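Here's the structure, in structure tokens; my notes come after.
Protein chains: 2
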Amino acid sequence: MNISPLAPAQFPDLPEIAGVTFATAAAGVKYKDRDDVMLAYLAPGTAVAGVFTRSATRSAPVLDCQEKLGSDPAAAAAILVNSGNSNAFTGGRGVSSVQAVTQAVATATGAPIDRVFTASTGVIGEPLPHNRIVAQIAELNSALSATAIKDAAHAIMTTDTFAKGAGMTVNINGTDVKIAGIAKGSGMIAPDMATMLVYIFTDAKIAQRDLQQMVSRLNAKTFNCITVDSDTSTSDTLMVAATGASGVDVTGDADFEHALNSVMQDLAHQVVRDGEGATKFVTVGVTGAQTDADARKVALSIANSPLVKTAIAGEDANWGRVVMAVGKSGAAADRDKLSIRFGDITVAENGWRAPNYSEDAASEYMKNQELEIGVDLGIGDGQSTVWTCDLTHGYISINADYRS
Amino acid sequence: MNISPLAPAQFPDLPEIAGVTFATAAAGVKYKDRDDVMLAYLAPGTAVAGVFTRSATRSAPVLDCQEKLGSDPAAAAAILVNSGNSNAFTGGRGVSSVQAVTQAVATATGAPIDRVFTASTGVIGEPLPHNRIVAQIAELNSALSATAIKDAAHAIMTTDTFAKGAGMTVNINGTDVKIAGIAKGSGMIAPDMATMLVYIFTDAKIAQRDLQQMVSRLNAKTFNCITVDSDTSTSDTLMVAATGASGVDVTGDADFEHALNSVMQDLAHQVVRDGEGATKFVTVGVTGAQTDADARKVALSIANSPLVKTAIAGEDANWGRVVMAVGKSGAAADRDKLSIRFGDITVAENGWRAPNYSEDAASEYMKNQELEIGVDLGIGDGQSTVWTCDLTHGYISINADYRS
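Protein chains in written order, with this note's numbering: chain A, 4 to 407; chain B, 4 to 407.
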């Protein structure tokens with residue numbers, strides 16, 4: 004698998020987060036000759052927040068995490084992730100696997116079982132060979148290290164073509180507060196039901212409930228605003244852990260929220276940049292809608308349209324397909340007030356092609372690797388931005404040409 | 004362009020409909036060396052019903068037709084369709100073009116202008132060169148023939164790989180009633196915003212309002228149950244014209260409604276069979292949902308999922324992707340009551356892979372050109388059937404590789 008042309012030049016140097024350690028191992032769940040399990044240990048006092056897929060067929064680990072979110076942050080906590088098998092649609096056996104893994108992690112790390120969170124990513128409907136994972140846990144626990152986050156980012160990959168990390172240090176009242184996050188995801192769902200998983204760590208001090216509210220708020224404008232193929236995984240998981248080790252209370256702090264937003268947006272964009280077969284990174288910005296919800300409908304209608312996405316792949320300034328996507332979105336729209344631009348080029352306005360529209364200029368613009376499609380509906384103040392990629396032969400090859 | 008592998012062996016022999024005549028001409032709207040305009044003349048007393056796209060950016064001809072639907076059926080009527088240009092998103096100029104064309108048709112045929120219906124299919128946002136069409140109308144009118152329906156089916160094609168027709172003769176109380184229809188469509192929207200257009204003619208006798216109700220009811224379970232790429236055209240049009248020439252009143256007649264349903268379903272299936280790049284014709288049947296609306300949500304979620312459609316293209320019995328599509332649909336579902344079958348093969352039940360599931364048998368089944376995906380949600384009586392095709396390199400090639 005070639006690395007995505009949209010990948011960052013390298014994995015970033017991430018700040019170490021006091022109170023968080025990592026270890027990885029090769030359990031052989033499915034992949035050979037690579038680490039496929041990662042353990043993160045969170046010191047006592049760490050607030051944990053999470054956002055999960057809304058799928059009606061969500062996996063056993065997701066259901067288990069959702070039950071545990073409110074557990075007492077005074078105790079230590081742990082996160083165990085395996086790649087290669089999603090433990091989704093595995094019935095009662097899946098629940099038993101989660102029980103076995105979380106019990107083993109609790110025993111090894113000393114964290115109470117209601118503070119042990121897991122995620123599984125990979126093929127669906129196959130029993131998870133959890134004994135292979137359990138067999139690694141004592142060793143993982145003894146190998147925990149503050150500097151192994153990059154290894155963790157690699158261990159959770161499935162069909163990702165590059166490991167995804169983002170971090171930031173923000174000075175609040177004279178003290179540095181650090182944030183470091185990792186993610187996996189390649190397409191909303193990759194060939195084997197690979198999934199979006201995101202883990203972000205910070206030494207900020209914040210109550211669990213306040214952290215949860217902040218994370219939910221930021222998730223709505225970062226990870227909930229990306230789409231590769233409109234398909235939603237059974238296992239999507241975002242968790243944020245705040246150890247408090249910096250001693251800096253960030254409750255209600257705008258600088259911290261801004262920094263966390265940046266890290267989340269960076270990771271979200273990296274997931275799109277690793278979209279299956281992607282060759283273009285596309286920002287779709289919608290303004291002038293009756294409501295923000297309507298703006299989002301239009302933005303997602305454009306970002307999910309196979310015809311828009313194939314036009315982008317073909318570097319075709321086919322703004323008619325954008326008109327179509329606006330029309331089918333279900334949002335209130337007035338054809339004669341609609342304007343559309345590609346980058347700074349106005350292609351359509353007032354219900355028709357812009358008078359000074361140049362097909363040559365628009366076609367030239369479409370050759371860029373990073374594109375912006377702007378739509379103004381002209382009937383209100385609602386707005387929304389989503390990010391997506393193009394739809395190429397690469398997507399078909401990854402998802403149709405090889406048996407999964 | 005190669006003919007779709009899913010195309011019928013040949014265009015059917017369609018019954019002549021008393022009171023309906025056709026003519027076609029090469030106006031050179033966009034295509035060279037082929038007919039691109041068709042005129043259908045409907046004798047006085049013909050009831051006309053129609054169903055149109057709900058797009059907020061619908062074309063000028065669609066808006067004009069919608070206004071005229073209730074016009075008095077005592078007078079003659081006419082339908083004029085051009086291919087090559089959709090006259091969509093063309094502002095006030097588009098309205099003027101419709102005015103010019105309908106006026107010319109009214110003058111030539113003697114039908115009042117409020118009984119002249121038009122449709123345009125092709126590229127969006129380009130002014131319609133309506134003078135080229137107007138210049139052909141007198142000649143079209145003098146060439147009208149009862150036997151030219153096949154030529155009409157060809158004239159309205161854009162990127163279709165085959166002309167679509169379906170017909171039926173049904174004996175009602177000893178008298179034959181005839182139905183003949185044509186359609187175009189290749190993908191919900193083809194490269195140049197090509198569109199689904201359907202025209203069906205019958206010599207049945209039925210009041211316009213009753214016909215409209217029947218057509219709307221049948222449309223909901225035929226043309227509204229097909230999807231190629233989830234994209235919705237600015238110009239989709241279905242019209243049914245009943246001349247009454249048979250003298251047989253079909254108001255409330257179940258046999259006639261059944262026959263009309265068969266013709267509509269046949270044409271709807273032909274549109275899917277000409278789906279861009281299609282190599283498989285897929286029936287998605289959902290049962291056991293809480294409501295019919297929920298069943299439809301699940302069926303469309305499966306039928307529109309790029310991951311399901313690419314798996315079908317790859318002849319991959321990837322039922323996990325069906326689980327995913329059920330989960331994301333938004334419909335009520337209980338993972339542990341869900342069952343999934345491919346044809347007669349139960350692949351999953353009770354929240355897990357079926358105990359006697361054979362990957363080999365399922366893979367063998369996926370090699371068929373006609374496939375059936377069945378999902379039973381196990382929580383109610385709601386049901387829905389939709390039809391779709393696979394997502395292949397052919398779709399990408401048609402929509403991305405060539406500039407439109």
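For glycine and all other residues, C-beta sits at the position ideal for the given N, C-alpha and C. Note that the structure is a prediction, hence the values are computed from the model and not measured.
- Take V104(A), set aside five residues on each side of it, and the residues of its chain with a beta-carbon closer than 7 Å to its own are L83, T121, H133, I136 and V137, in chain order.
- Only residues of its own chain outside the window of five on either side were considered, and among them A320, F345, G346, I348 and L374 have a CB closer than 8 Å to the CB of Y368(B), listed in chain order.
- In the three-state reduction of the DSSP assignment, V32(A) falls in the coil class.
- In the structure shown, the three-state DSSP call for L374(B) is strand.
- Here the C-alpha atom of S58(B) lies approximately 30 Å from the C-alpha atom of A26(B).
- Apart from sequence neighbours up to five positions away, the residues of its chain that approach D295(B) with a beta-carbon distance below 8 Å are G385, Q386 and S387, ordered along the chain.
- Three or more beta-carbon pairs separated by less than 8 Å link the region 272 to 284 of chain A to the region 214 to 231 of chain A, which places the two stretches in contact.
- In terms of Cα proximity to D258(B), the closest of S249(B), N176(B) and G97(B) is N176(B).
- Under a 10 Å Cβ-count criterion, P76(A) is classified as buried, with 16 or more other Cβ atoms of the shown protein chains found around its own Cβ.
- Across the region 256 to 280 of chain A, no CB contact with chain B closer than 7 Å is found for any residue.
- From the beta-carbon of D339(A), the residues of chain B found nearer than 9 Å are G94 and G95.
- Residue environment: N85(A) is assigned as buried (16 or more neighbouring CB atoms within 10 Å of its CB, all protein chains considered).
- Two segments are said to touch when three or more pairs of C-beta atoms, one from each, lie closer than 8 Å; by this definition the region 59 to 70 of chain A touches the region 108 to 124 of chain A.
- Taking a Cβ-Cβ cut-off of 9 Å, T161(A) has no neighbours in chain B, whose nearest Cβ is about 13 Å from it.
- Not a single C-beta of chain A is nearer than 9 Å to the C-beta of D363(B).
- The region 88 to 96 of chain B makes contact with the region 324 to 343 of chain A, as at least three CB pairs between them are under 8 Å.
- Residue pairing by DSSP places Y202(A) opposite I185(A) and M242(A) in a beta bridge.
- With fewer than 16 other beta carbons inside 10 angstroms of its own, N5(B) counts as exposed.
- K312(A) carries a helical assignment under DSSP once its states are collapsed to helix, strand and coil.
- In chain A, no part has a C-beta under 9 Å from the C-beta of I348(B); the shortest such distance is about 15 Å.
- Using a CB distance cut-off of 9 Å, L131(A) does not count as an interface residue toward chain B.
- What W390(B) touches in chain A, judged by beta-carbon distance under 8 Å, is nothing: the nearest beta carbon there is about 17 Å away.
- F284(B) is bridged by DSSP to E373(B) and C392(B).
- For the C-beta of A351(A), the chain B residues within less than 9 Å are, from N- to C-terminus, F92 and G128.
- L241(A) is outside the set of residues whose beta carbon lies under 9 Å from a beta carbon in chain B.
- With respect to S189(A), T56(A) sits apart: the two C-beta atoms are not nearer than 9 Å.
- The beta carbons of I376(A) and Q293(A) sit about 20 Å from each other, so the pair does not count as a contact at 8 Å.
- Collapsing the DSSP output to three states places M267(B) in a helix.
- Taking the CA atoms as reference points, A10(B) sits about 7 Å from F165(B).
- Taken through DSSP and simplified to helix, strand or coil, Y44(B) comes out as strand.
- Between S361(B) and E318(B), the beta carbon gap of about 15 Å keeps them out of contact (Cβ cut-off 8 Å).
- Closest in alpha carbon position to E142(A), among A262(A), V253(A) and T110(A), is T110(A).
- CA-to-CA, the gap between T205(B) and L380(B) works out to about 40 Å.
- Annotated three-state conformation of R324(A) is helix, per DSSP.
- By the Cβ rule, the region 392 to 399 of chain B counts as touching the region 280 to 293 of chain B, because three or more pairs are nearer than 8 Å.
- Taking 9 Å as the threshold, the shortest C-beta distance from I399(A) to chain B falls below it.
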